[in-house]
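Colleague: The structure's right below; bear with me while I get my questions together.
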Amino acid sequence: MTTFNIAGLQLALTANQDNFAAIRQQVLAAKRRFPALDMVLLPELCTFGPAPRFAETLPGNTESKYCELAIEAGIWLCNGSLFERDGDHIYNTSSVITPTGKVHCRYRKVYPFLPYEEGISAGNKFKVFDIPGVGRFGLSICYDMWFPESIRALVWQGAEVILHPTLTNTVDRNIELAMARANACMNQCYMVDINSAAGMGNGQSVVAGPGGEVVHQAGDQQEIIVLQLDLAYLRRVRQQGWHTLGQPLKSFRDTKVVFPQYQQQQSAYLDQLGKLEKPAGRNWTNETF
Numbered sequence: 001m002t003t004f005n006i007a008g009l010q011l012a013l014t015a016n017q018d019n020f021a022a023i024r025q026q027v028l029a030a031k032r033r034f035p036a037l038d039m040v041l042l043p044e045l046c047t048f049g050p051a052p053r054f055a056e057t058l059p060g061n062t063e064s065k066y067c068e069l070a071i072e073a074g075i076w077l078c079n080g081s082l083f084e085r086d087g088d089h090i091y092n093t094s095s096v097i098t099p100t101g102k103v104h105c106r107y108r109k110v111y112p113f114l115p116y117e118e119g120i121s122a123g124n125k126f127k128v129f130d131i132p133g134v135g136r137f138g139l140s141i142c143y144d145m146w147f148p149e150s151i152r153a154l155v156w157q158g159a160e161v162i163l164h165p166t167l168t169n170t171v172d173r174n175i176e177l178a179m180a181r182a183n184a185c186m187n188q189c190y191m192v193d194i195n196s197a198a199g200m201g202n203g204q205s206v207v208a209g210p211g212g213e214v215v216h217q218a219g220d221q222q223e224i225i226v227l228q229l230d231l232a233y234l235r236r237v238r239q240q241g242w243h244t245l246g247q248p249l250k251s252f253r254d255t256k257v258v259f260p261q262y263q264q265q266q267s268a269y270l271d272q273l274g275k276l277e278k279p280a281g282r283n284w285t286n287e288t289f
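Mapped onto the UniProt record's numbering, the consecutive letters of the sequence shown carry residue numbers 1 to 289.
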């Protein structure tokens, strides 16, 4: 199989409540309407919103519901992510579930959105997984994409499609669209970047192809994004270049350069930037009006 049918669900949901029933309805509706669907990808933290008080141990009740949903729909399912409680730590964790309802793998977000995603611990492993007869997929969550090393780490391990659930409702969403395309072309991969719509996010989900081309760009309203990814095309791009142009993965493989930023644990310059914390507001108490 060289094609794979995936749906990204840009859903209009409400934070701080249980959205599972609404999500289930949309997943099943997508499968009924598009019976050839192989996978559904949900947005980051879509089930409850960005509220750590909903954190559960994994395996847990909510993840089990998604396992039952994957069986019911007969699809691969990525639940976006849930807050996972593990001892004294809370992680932002994505689960990938097989059509038979088994948790195929989990990924803990390596770069929480600090200093704003407070109290969330960072994962320390990059995750790829295989879908037999299709190809290799990588998992990335929201702010991870701002660090090009994270996507490169997945592609270094052979990832061809990056599943990238997002929860963005701020003015930098347009910048993320540029980064999704840049990561796709630099790594000659599919970037499937799915955000929530109004209620939690500002939409504008994007799917970029291995040349950085826009396969689909969503608006800001609820949208079911159904696409057929062509893995034979992707592999041809990696072998020959996009439109027979650059072959960046081969050049990266073959370079003799030793990047200095990865040889040392500290940077004298970066150490001067100060603590990672929220910017302080102006002190207006001493002002005269």
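The beta-carbon is built from N, C-alpha and C at its ideal position, and this holds for glycine as well.
Give the DSSP-derived three-state secondary structure of Leu69 in the structure shown.
Modeller: helix
Colleague: I want to know whether the stretch 190-210 touches the stretch 81-88 - three or more CB-CB distances under 8 Å.
Modeller: no
Colleague: For Arg106, which of Pro112, Gly119, Gly123, Glu117 has the nearest alpha-carbon?
Modeller: Out of Pro112, Gly119, Gly123, Glu117, the CA that lies nearest to the CA of Arg106 is found in Gly123.
Colleague: Please indicate yes or no: does the CB of Gln217 lie closer than 6 Å to some heavy atom of the ligand ZN?
Modeller: By its list of ligands, the structure shown contains no ligand whatsoever, and the ligand ZN lies outside what it can speak to.
Colleague: Just verifying my parser: in three-state terms, what is the DSSP assignment at Asn195?
Modeller: coil
Colleague: Measuring alpha carbon to alpha carbon, tell me which of Asn174, Asp172, Phe147, Leu167 ends up nearest Met186.
Modeller: Phe147
Colleague: Using the Cα positions of Asn19 and Thr47, report the straight-line distance between them to the nearest angstrom.
Modeller: 5 Å
Colleague: Unbroken alpha helix (DSSP H) runs of length 4 or more, entirely within the stretch 19-96: which are they?
Modeller: 20-33, 61-73
Colleague: Return no unless some Cβ of chain C is closer than 7 Å to the Cβ of Gln10.
Modeller: Of the protein chains in this structure there is only one, and it is not chain C.
Colleague: Going along the chain, which residues of its own chain have a beta-carbon closer than 6 Å to the beta-carbon of Gln247, five neighbours each way excluded?
Modeller: Gly241
Colleague: Anyone know if the C-beta pair for Pro43 and Leu177 falls short of 7 Å?
Modeller: no
Colleague: Contact defined as beta carbons within less than 8 Å: I believe Ile224 pairs with Val192. What is the distance between those atoms, to the nearest angstrom?
Modeller: About 14 Å separates the beta carbon of Ile224 from that of Val192, a gap too long to meet the 8 Å contact definition.
Colleague: Looking only at C-alpha atoms, which of Tyr116, Gln26, Ala55 sits nearest to Lys278?
Modeller: Tyr116
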